[in-house]
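Undergrad: Note that the sequence shown covers residues 229 to 660 in the numbering used here. We put the CB at the ideal spot given by N, CA and C, even for glycine. What follows is a single structure, and I will ask about it in a moment.
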Amino acid sequence: MKLLCITTLLLVSQVTTQNTRYDGHEVLKIFPKTTNEASYVLDMVQKYGLDVWHVHHNDSSLDVKIWPTISSTVKQDLTNTRIPFFTWIKDIQSLIDQQFAPITSHINKRATQQFMFTVYHSFAQIEAYVASLSQDTGTGPSGDSIYSSNAVIGYTEENRQIHLVKISKPSNQAKKAIFVDGGIHAREWISPAFVLYLIDQLKYNPDQLQSVEDLVDTYDWYIVPVLNPDGYSYSFASDRLWRKNRRTNSGSTCHGVDLNRNFGYQWNPAIGGSTSACSDVFSGVSAFSEAESKAIRDYFASASNVDFISYLTVHSYGQMWLYPWGYTSALPNDYVDLDAAGNTARVAIRNRFNTRYTVGSSTNVLYSAAGGSDDYAKGGAGIKYSYTLELRDTGRYGFVLPESSIIPTCQETMDGVIAFANDLKVLPQTKR
Ligand SMILES: [Zn+2]
């Protein structure tokens, strides 16, 4: 942990200017029982332009956001076709209001206290924290120093910096490396919250745990706290449920590209993406059309001397530890290795608070979607142990996870990362 004074003026103005409201917006949990019913629901999603928040693997149910003017029509359609559903979140705005209330009350404390991992931070605050990292060293229980260095790997359309933090402990031996990114999707605030927690653990080891120091003894860590700073900032300032980046799309008044449909390995808008600029899953006009996805591609290309063994991209929600492929239901040749390491993480996560994760390939556990960063990391950059982590929860709060859940989520995910990283030491290192 470290002391850090943070300017809060920016946040004060952000809290009060959210202009996209979700009064009366609901999340329905819909249970299609047959493939016919499933396609009926998907047609309905298309027809009304509904936002599918999550697809549950265990019972094939869908969390779908609707709004007041179509609420009765959608519910009537479902009732007429006898597709069971219930209202999962009654009023999204009240959840958002609850979430911003503690943020406001924390403002004064934030100015004088340590960087708090118990709350969500604006991008400006995250940048201040990242800048402060380069000013000191951490120490593990062995007494050895742990170093970090910062780099900027890209600039967004709105000219924000994409920061990369490297955390390492000097060694005579070459180490393998693990890459972690957070905040590809703007509204998934728990993702940067965990990634910042991970940085703090690795560098400062606040509980002085040998298991945490082992992580820097064995690996070098390359961590991007917020890959989509424009979208993240917009989700603070204007629209809590914004997902994409803030790309100005030519010929459209709709902003944004879904960065997790824009990576250039088997890129294909027809598979879980969209060619419509107004869609929440707009794949972009071409693979790697976006500064943020390009930054990752170019970083991996430039870091050919770094031996990346794993790529972890952190999202929410659904409680899943997913491996490629997202573009096809076929499995990677070495999926047995990826499945084994994922299950090691799953067990460790469950051991902490009994939080249940699902492990499997993205297409088979979640849905098919081409252009994901994990597919690129494995298929394009050749990083064997490539995963998408979907953190808490399973839909009670969805993307609007309360701040009271941040620390438990971080603790259990950290347990998962420790167990996972240990397992990599004994699992096969080369692709099959
Ligand atoms: Zn996501």
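Quick one: using the 10 Å Cβ neighbour count with 16 as the cut-off for buried, is Cys638 buried or exposed?
TA: Classification for Cys638: buried.
Undergrad: Starting from Ser614, follow the beta strand (DSSP E) in both directions and report where the run begins and ends.
TA: Start and end: Tyr613 to Leu619.
Undergrad: For Lys337, count neighbouring Cβ atoms within 10 angstroms of its own Cβ and tell me buried if that reaches 16, exposed if not.
TA: Below a pLDDT of 50, predicted positions are generally treated as unreliable, and Lys337, at 46, falls in that range; the measurement from the model is reported next regardless. Exposed, because fewer than 16 other Cβ atoms sit within 10 Å of the Cβ of Lys337.
Undergrad: Among Ile418, Ala352 and Glu355, whose alpha-carbon lies nearest the alpha-carbon of Glu640?
TA: Per the Cα distances, Ile418.
Undergrad: Tell me the rounded alpha-carbon separation between Val564 and Val645.
TA: If you take the alpha carbons of Val564 and Val645, they lie about 18 Å apart.
Undergrad: Start and end of the beta strand (DSSP E) containing Gly382?
TA: Looking at the DSSP string, the run of the beta strand (DSSP E) that includes Gly382 is Ser373 to Tyr383.
Undergrad: If contact is defined by three or more beta carbon pairs under 8 Å, each pair taking one atom from either stretch, is the stretch 578-592 in contact with the stretch 421-430?
TA: No, the stretch 421-430 is not in contact with the stretch 578-592.
Undergrad: Between the stretch 558-573 and the stretch 519-531, do three or more beta carbon pairs fall short of 8 Å?
TA: No, they do not touch.
Undergrad: Need the endpoints of the alpha helix (DSSP H) that Ser521 sits in, please.
TA: Per DSSP, Ser521 belongs to the alpha helix (DSSP H) from Ala519 to Ser530.
Undergrad: Gln353: buried (16+ other C-beta within 10 angstroms of its C-beta) or exposed?
TA: With 16 or more other Cβ atoms within 10 Å, it is buried.
Undergrad: So the alpha helix (DSSP H) Val444 belongs to, where does it begin and stop?
TA: Unbroken alpha helix (DSSP H) run through Val444: Gln438 to Thr446.
Undergrad: Checking 8 Å against the spacing of the C-beta atoms, do Ser544 and Leu619 come in under that value?
TA: Contact: yes.
Undergrad: With C-beta atoms as the reference, is Ser370 less than 8 Å away from Ile395?
TA: It is not a contact, given that the beta carbons lie outside the stated cut-off.
Undergrad: With hydrogens ignored, establish whether the beta-carbon of Glu520 is closer than 7 Å to any heavy atom of ligand 1.
TA: No, ligand 1 has no heavy atom inside 7 Å of this Cβ.
Undergrad: Helix, strand or coil: which one does DSSP assign to Ile354?
TA: Three-state result, Ile354: helix.
Undergrad: Helix, strand or coil: how does DSSP classify Val509 here?
TA: Coil.
Undergrad: Using C-beta distances below 8 Å, list every residue in its chain close to Asp535, excluding the 5 sequence neighbours before and after it, in chain order.
TA: Taken in chain order, the residues that qualify are Ala402, Lys403, Lys404 and Ala405.
Undergrad: Which of the three DSSP states, helix, strand or coil, is assigned to Thr541?
TA: Strand at Thr541.
Undergrad: Would DSSP call Phe422 helix, strand or coil?
TA: If DSSP states are grouped into helix, strand and coil, Phe422 belongs with the helices.
Undergrad: In the DSSP output, which residue or residues are listed as bridge partners for Phe516?
TA: Paired residue(s): none; Phe516 is not in a bridge.
Undergrad: Give, in chain order, every unbroken run of the alpha helix (DSSP H) that is at least 4 residues long and sits entirely within the stretch 283-329.
TA: Runs found: 296-308.
Undergrad: Does Val444 pass the burial test, meaning 16 or more other C-beta atoms within 10 Å, or should it be called exposed?
TA: Burial call: buried.
Undergrad: Is Ile524 near ligand 1, in the sense that its beta carbon is under 7 Å from a heavy atom of that ligand?
TA: Because no heavy atom of ligand 1 lies under 7 Å away, the Cβ of Ile524 does not count as near it: no.
Undergrad: In whole angstroms, what separates the C-alpha of Asp251 from that of Val280?
TA: About 18 Å.
Undergrad: Compute the Euclidean distance between the alpha carbons of Asn286 and Ala498, then round it to the nearest angstrom.
TA: Straight-line Cα distance between these residues: approximately 25 Å.
Undergrad: Looking only at its own chain, which residues have a Cβ that is under 7 Å from the Cβ of Tyr613, when we skip the five neighbours before and after it?
TA: Here the set comprises Ile537, Ser538, Leu566, Ala569 and Leu652.
Undergrad: Taking any heavy atom of ligand 1 as the mark, which residues have a C-beta closer than 7 Å to it, listed down the chain?
TA: This criterion selects Ile412, His413, Glu416, Asn488, His543 and Ser544.
Undergrad: Compute the Euclidean distance between the alpha carbons of Phe259 and Thr622, then round it to the nearest angstrom.
TA: Taking the straight line joining both Cα atoms gives about 15 Å.
Undergrad: Relative to the alpha-carbon of Arg475, which residue among Asp372, Ser511 and Asn496 has its alpha-carbon at the smallest distance?
TA: The shortest C-alpha separation from Arg475 is found at Ser511.
Undergrad: Is it true that the CB of Asp467 sits closer than 8 Å to the CB of Glu385?
TA: No. Outside cutoff.
Undergrad: For Ser463 versus Ala414, is the C-beta distance shorter than 8 Å?
TA: Closer than 8 Å, so yes.
Undergrad: Leaving out five residues on either side along the sequence, give the residues of the same chain with a beta carbon under 8 Å from the beta carbon of Val593.
TA: Once the five neighbours on either side are set aside, the close Cβ partners of Val593 are His285, Met548, Leu550, Thr586 and Val587.
Undergrad: Helix or strand or just coil, what does DSSP make of Ile406?
TA: It is a strand residue.
Undergrad: For Asp565, which three-state DSSP category applies?
TA: Helix.
Undergrad: Looking at the secondary structure, which residues open and close the alpha helix (DSSP H) in which Leu216 lies?
TA: The structure shown does not extend to residue 216, since the chain spans only 229 to 660, so no value can be given for it.
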